[in-house]
Structures are given as structure tokens and as C-alpha cells.
Amino acid sequence: MAQLFTRDTQAIFWNNNTTAIQRMLDYDYTIKRDKPSVAAIVAPTSSGKFEKFFYGPDEIMIPTFKTTAEAKEAQPQADVLLNFASFRTAYDVTMEALEIGGFSTIMITAEGIPERLARKMNATARASGVVVIGPATVGGIAPGAFKIANVGGTITNIVNSKLHRAGSCGLVTRSGGLFNELSNIISINADGIAEGVAIGGDRFVGSVFIDNLLRMESNPQVKYMLLLGEVGGIEEYKVIDAIKEGKITKPVIAWCIGTIAKYYDSGVQFGHAGASANAERETAEAKNRAMSEAGIYVPESFNDLPNKIKEVYESLNLAPIAEPEMNVVPTVRRSKQFICTISDDRGDEATYAGFPISSVALPSTGKGIGDVIALLWFKKQYPKWATDFIETVLKTVADHGPAVSGAHNAKVTARAGKSVVESLVTGLLTIGPRFGGAIDGAAQYFKYADDNGLSPKEFLAYMKNEGIPIPGIGHRIKSLKNPDLRVKGLMEYAAEYFPSTPLLDYARTVEALTTSKKENLILNVDGTIGILMVDMWRALGYAEEDIDEFISSGTLNAFFIVGRSIGFIGHILDEKRLEMPMYRHPMDDILYDVQMAQEI
Ligand code: ACO
Ligand code: LMR
């Protein structure tokens with residue numbers, strides 16, 4: 165891997181750290197990336213499905229997931245994990261990601277992961293060829309391509325430090341703070357950086373100086389490298405060896421901070437856990453000396469580093485870098501109150517899930533109302549057998565005569581002089597667990613019983629225990645003797661066109677048991693629709709969670725609501741055309757059982 169990140173690199177951000185993510189997206193917008201650098205967020209405790217962020221003046225939604233595995237499955241192209249978990253969780257998150265696989269780089273921000281665990285984690289990553297940046301780091305950047313979280317600070321600072329486009333220097337530091345400082349120094353004294361990594365301040369970090377410098381050696385964008393080491397450890401000696409062995413040929417500038425350590429007693433630790441010299445070789449002075457002897461450009465002091473950078477950069481005579489055009493992130497942005505993911509009316513022609521209305525509405529398209537429902541309710545095109553099934557359901561439930569609860573209500577309301585919409589609403593409000601609205605319940609309970617391998621007997625016992633009649637079973641007038649031909653029709657359609665109907669097959673075994681107790685306890689029209697819709701969605705390849713969500717959000721009852729509205733409106737118009745007077749229920753049809761005042 166010559167380049168750590170490109171303009172196509174996408175990350176999974178572990179932890180819903182909205183400020184850091186927004187910074188990444190502002191950077192993306194500034195450098196005109198095609199797609200956001202964060203593809204998914206892992207937010208274990210959040211119940212939301214997405215988080216809104218600004219992308220320039222607009223807003224975008226980034227999906228959130230409870231686990232890394234789910235995020236990776238949904239966004240397999242995202243091969244960088246930005247592990248922003250706390251030091252208590254960071255190890256587990258990294259190990260799990262290594263287990264899942266498909267990550268090329270994992271950046272760990274937490275400081276203070278127990279050293280034993282850090283060593284194990286780093287070794288596992290190394291064995292699987294995964295670059296670990298950190299722990300205890302702000303991360304890194306490939307200017308003009310991909311920036312991790314807070315590296316470089318604000319957009320103004322980023323542009324001032326020329327971190328918005330690739331320069332020529334490969335920068336490796338331990339410290340994040342000094343990384344930003346050096347980016348600025350390099351932008352003033354040279355043409356900016358091509359790639360930069362702050363490897364982290366803990367004693368045991370994943371990728372070390374030499375790993376990063378060797379990669380930069382093979383990155384053609386990097387023309388020279390700058391290494392900022394510090395007192396403690398012997399990693400700088402590996403760089404010296406690589407230069408001696410000819411593995412590093414590009415000019416290297418280096419400085420080890422912590423030369424002041426000699427004025428203290430031995431063992432003083434400077435900031436980072438790793439910044440403590442335990443032997444003469446580990447002192448900053450010894451390392452600076454050795455690096456200088458190996459031909460590395462080592463300044464006299466840290467103060468002299470800018471001059472050294474200028475000197476090396478100028479000696480390379482590099483062509484000046486063209487400044488790219490940038491987007492400007494607006495300073496005032498307003499968050500949108502509503503989100504719409506199903507249709508769009510902003511263009512010349514409004515669309516249903518991206519399809520212009522004319523492409524589904526006109527007869528020449530061959531599309532029906534089933535296709536419109538598939539697009540507007542499920543944001544997908546369904547195959548013909550499925551859209552035909554949806555239409556068969558709507559046509560089947562459009563009406564069942566004037567006597568049923570909902571139609572009766574709508575008729576009474578129309579006769580009270582109310583409008584079509586008012587009368588329709590009263591009819592619709594009747595739809596519920598007993599009348600027409602048992603479809604979701606049927607899907608839910610039969611699916612539960614089948615998923616859990618309950619025998620019909622066990623299912624009946626389970627429902628008895630729940631204290632509710634089985635949704636989808638039973639009818640006031642339909643029975644074994646007077647079968648519901650609507651049910652027969654739907655079942656015949658499914659037998660002919662569905663690839664398979666496992667849930668219906670199970671429901672029929674339940675029906676055999678309930679009708680053996682009472683002959684009107686048939687699988688009714690609500691039950692048949694709910695159960696066949698589950699079979700349809702399974703055949704269409706939906707995940708069980710998606711189907712469960714359709715059920716819990718009331719999608720299935722919605723088929724009855726749409727279909728039966730047709731019938732209700734018919735009854736309402738019927739009443740109006742007939743100019744029927746207000747309805748009063750005959751008193752002799754009411755059993756009055758009211759106590760006399762004196763009895764009370
Ligand atoms: N599951 C188990 N037992 C039932 C069910 C059921 N779904 N429905 C009725 N029973 C039992 C009752 O417990 C009662 O038992 P019992 O005689 O031992 O006391 C017996 O059957 C008769 O009960 P009723 O309430 O008198 O039955 P009724 O014929 O009046 O009810 C109804 C019909 C309301 C549809 C009922 O079967 C029910 O609630 N079903 C579930 C809801 C449902 O599916 N509704 C949609 C119907 S289709 C449509 O509206 C388009
Ligand atoms: C309907 O479709 O309205 C019926 O199944 C309910 C009924 O009472 O007939």
C-alpha cells in the first residue's frame with residue numbers, strides 16, 4: 165500500500181462524535197470530494213437509524229448502526245475504522261474489527277489502553293496486514309483526499325496550513341499537537357504535506373515511524389520526509405538502519421524532542437507514556453546524534469527546524485503546486501426540520517422514489533397502482549408477481565357490503581350531512597384489531613409462532629396466555645360451511661405466483677385446529693393478507709428486521725386502509741346521491757337497562 169488514503173477512502177466512525185464527524189464532512193466539502201469520508205457511524209446506545217450532518221450548505225444523512233459488523237455489512241467499501249471508543253472499550257472494538265475483516269487501517273484515539281492489551285492488539289493487526297494508527301492519537305491526513313476527525317483543526321486553519329491539497333512532505337510525528345504545528349511550519353517553509361500521520365503517544369503504538377516512512381518512500385507524491393521523534397524508545401534507530409540498508413532513499417529531516425530531559429533526574433516522563441528515556445540510547449540527544457551521523461538532516465535545535473525544512477525543500481527544486489479550487493463552507497447553516505426519502509418535487513417533474521411520475525402513471529408504461537405503492541411505500545421496484553399481488557389485495561378488500569362496521573359508520577356520518585372526507589374518516593377510524601386492522605397482528609403473531617417452531621397447539625396456548633384472540637382468525641359470518649371466497653382467491657394467486665408460501669402453510673395448520681373447535685374460526689381475509697405479505701417479502705429477499713419493522717410500523721393494515729377507502733367513498737357517494745335523511749337508530753333495537761333515579 166503506497167498511499168494510506170485516497171479521495172475514495174471511506175470510514176466507519178465508531179462512536180457518534182458529531183463534532184469530529186462534521187469536521188470531516190466540512191473538509192470533504194471544501195476539497196470537493198465526491199462522497200463523504202464517513203460512510204457509517206457505530207453508535208451502540210443510539211436508537212436512531214441515521215444522523216444528520218451538513219455537507220456544505222446542504223444536509224446529508226449518515227446511517228448509524230449498533231455494531232461494527234452491521235455497519236461493515238451495510239458499507240463494505242468503508243475500509244478505515246476510526247475507533248473513537250473510550251480506553252475501556254477501544255481494545256474490544258479493534259479486536260472485533262480485525263475479526264470482521266475488510267479494514268485496511270484502524271485508527272485508535274483512546275489514551276491509556278492497558279499496555280498488555282495494546283501489544284496484543286497491535287500484534288494481531290500487524291499479522292493481518294492492517295495499519296493501526298495510535299492508540300493515543302489525533303490520527304492522520306492525506307491532504308486533498310481524506311482527513312481523520314480533528315487533525316488540522318478548523319477549516320481556516322487547515323487552509324492556512326495548506327492541508328487542503330497534497331504537498332511534497334511525508335510527515336510522521338508522535339504528538340498530535342506538534343503534528344498541527346509542524347503542518348503549519350511546513351506550509352510556511354515548503355509546499356505542504358503529501359501525507360501525515362501522528363502515530364500516537366502511548367508506549368506501544370500500532371504503526372511505528374519506520375512503517376510509515378517505508379510507505380511514504382513508495383508513495384510517489386512524497387518527495388522528502390520529516391520525522392519528529394521524542395525522548396524514549398529506540399524506534400528512530402530502525403529508521404537509521406533502513407537508510408543504511410538503502411530501503412529509504414528520499415531525504416529525511418528529523419528531530420527528537422526532549423533534549424531538555426538531561427537536566428532532570430533519569431526516568432522523568434514527558435507528557436506521553438512513551439516519552440521517557442530508560443537508557444543513554446533512548447535520550448533525545450543520542451538519537452539526534454545518531455540520525456545526523458546516518459545522513460539524516462538534523463537541525464541544531466527545534467528552533468532551527470523550519471530553516472532545515474526550507475533548505476531541504478529548496479534543494480529539491482520541485483515544481484510549484486497548482487492551487488485547486490475549493491468550496492467554501494457557509495458560516496450560517498440551517499438544519500432541516502423534515503426529511504423525505506420517497507419523493508421529490510423539485511425538478512421539472514416530480515418523482516416517486518426517483519421515477520418521474522409519467523414513467524409509472526401513463527397507461528403506456530404498463531405500470532399499475534401496485535408499482536406506485538412499491539415505490540412510495542418501499543422505495544423499490546417490485547417484480548410483477550408482487551405488484552399484481554398488492555393490486556389483488558386492494559381490489560379484494562375494496563368493499564364488503566354496507567353492513568360491516570366501517571361502511572356503516574361512514575354511511576351514518578354521510579347521512580348526518582358531513583362531507584366525503586369527514587364521512588370517510590369515521591369509516592376509517594373503525595379499522596382496528598377486530599375489523600380490518602388485524603393484518604399487522606396476524607403477520608406478527610404467526611411469524612413469531614413459526615420462527616419459534618411453535619406447534620399449532622402451542623401457538624393457541626401461547627395466545628390464550630397473552631389473553632387476545634388470534635389476529636387473522638375468525639369471522640362473524642364466514643365459516644367452513646360459508647367459506648370466504650376472497651381468502652380462497654388470494655390463496656390461489658399465491659399458489660400460482662409465489663415462489664413458496666411457508667408462513668401460509670403453517671397458518672393453515674393452525675386454522676385446521678381452530679376450525680376443529682369452532683367452524684367460524686377460519687383464517688380470515690386479514691390473516692391471509694398479513695401472512696402472504698410476509699411470504700412475499702421473504703421471497704423478495706428482505707431481511708427479517710426489515711419485515712419486523714414493516715409490521716410494527718403498521719404497513720400491513722395500510723393495505724386494508726387504502727383498499728377499503730374505495731368502498732367507503734362508494735357508500736358515502738351512494739348516500740349523498742340518494743339524498744338520504746339523517747339516520748336515527750330504532751329504539752326497539754336497543755336494550756335499555758337504565759336504573760331509575762330512586763333505585764340509585
Ligand atoms: N382466536 C381464538 N379464539 C377466537 C377467536 C380468535 N381469533 N375469535 C373468536 N374466538 C373464540 C372466542 O374466544 C369465543 O370462544 P368461546 O365460545 O369459547 O367463548 C368464540 O370463538 C366466539 O367468539 P366471538 O367473539 O363471539 O366471535 P365472533 O364471531 O363474534 O368474532 C371476530 C369475530 C371479531 C372477527 C373474532 O373472531 C376476532 O376478534 N378475530 C380476531 C380479529 C380479526 O381477525 N379480525 C378481522 C376479521 S376480518 C375483517 O374484519 C376484514
Ligand atoms: C370485511 O371485509 O369488512 C369483512 O370481512 C368484515 C365483515 O364483518 O364481514
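Quick note, my numbering runs 164 ahead of the 1-based positions in the sequence shown.
C-beta: ideal position from N, C-alpha, C; glycine also.
The shortest CA-to-CA distance from Tyr388 to any of Thr318, Met455, Val476 and Val323 is the one to Val476.
Secondary structure at Asn376: helix, using DSSP grouped into helix, strand and coil.
One residue after another in chain order, those with a Cβ under 5 Å from a heavy atom of the ligand LMR are His564, Val568 and Arg640. Residue pairing for Lys216: DSSP places it in a beta bridge opposite Met225. By the Cβ-count criterion, Thr447 is buried, with 16 or more other Cβ atoms from all chains shown falling within 10 Å of its own Cβ. With 16 or more other Cβ atoms from the protein chains shown falling within 10 Å of its own Cβ, Thr232 counts as buried.
The C-beta distance from Ala207 to Pro227 rounds to 10 Å, too long to fall under 8 Å, and the pair is not in contact. Buried is the label assigned to Leu377, since at least 16 other Cβ atoms lie within 10 Å of its Cβ.
By the beta-carbon neighbour count (other beta carbons within 10 angstroms, threshold 16), Gln241 is exposed.
Not a single heavy atom of the ligand ACO lies less than 8 Å from the C-beta of Thr679. Here the segment 268-280 lies against the segment 251-260, with 3 or more beta-carbon pairs under 8 Å apart. Non-local C-beta neighbours of Ala671 in its own chain, meaning closer than 6 Å and more than five positions away in sequence, comprise Phe610, Leu687 and Ile695, ordered along the chain. In the structure shown, Gly334 falls within a strand segment according to DSSP collapsed to helix, strand and coil. A distance of 9 Å or more separates the beta carbons of Ile297 and Val386.
Here Leu624 carries a helix assignment [DSSP, helix/strand/coil].
Judged by DSSP in its simplified three-state form, Leu593 adopts helix. Here Gly617 is exposed: its Cβ has fewer than 16 other Cβ atoms, across all protein chains shown, within 10 Å. Residue pairing by DSSP puts Trp178 in a beta bridge opposite Val206 and Asn247. Glu359 carries a strand assignment under DSSP once its states are collapsed to helix, strand and coil. Burial state of Gly341 is exposed, judged by a 10 Å Cβ sphere holding fewer than 16 other Cβ atoms. Within a 10 Å sphere around the beta-carbon of Gln759 sit fewer than 16 other beta-carbons, which makes this residue exposed. Taking a cut-off of 8 Å on C-beta distances, the segment 256-274 touches the segment 291-308, as three or more cross pairs fall below it.
Using a Cβ distance threshold of 9 Å, Asp535 and Thr556 do not count as a contacting pair. Within its own chain, the residues whose Cβ lies closer than 6 Å to the Cβ of Gly731, once the five positions on either side in sequence are excluded, are Ala562 and Asp563, listed in chain order. The DSSP-derived three-state label of Val416 is strand.
Put simply, of Ile195, Leu189 and Ala235 the residue whose alpha carbon is nearest the alpha carbon of Glu223 is Leu189. In terms of side-chain proximity, the C-beta atom of Met627 is found nearer than 8 Å to a non-hydrogen atom of the ligand ACO. With a cutoff of 9 Å on beta-carbon distance, Ile537 and Val726 are scored as near each other. At a cut-off of 8 Å, the beta-carbon of Ala550 does not count as near the ligand ACO: no heavy atom of the ligand is closer than that.
Taking 8 Å as the cut-off, one finds no heavy atom of the ligand ACO near enough to the beta carbon of Pro620. When the alpha-carbon of Asp355 is set against those of Ile319, Pro484, Ser465 and Ala249, the nearest one is in Pro484. Put simply, of Glu630, Thr288 and Gly304 the residue whose alpha carbon is nearest the alpha carbon of Ala358 is Gly304. Annotated three-state conformation of Asp648 is coil, per DSSP. Under the rule that a run must span 4 or more residues, the alpha helix (DSSP H) segments found entirely inside the segment 518-596 read 522-525, 533-542, 548-561, 569-579 and 584-593. Below 8 Å, enough C-beta pairs join the segment 448-455 and the segment 396-407 to call them touching: three or more. By the Cβ-count criterion, Asp512 is exposed, with fewer than 16 other Cβ atoms from all chains shown falling within 10 Å of its own Cβ.
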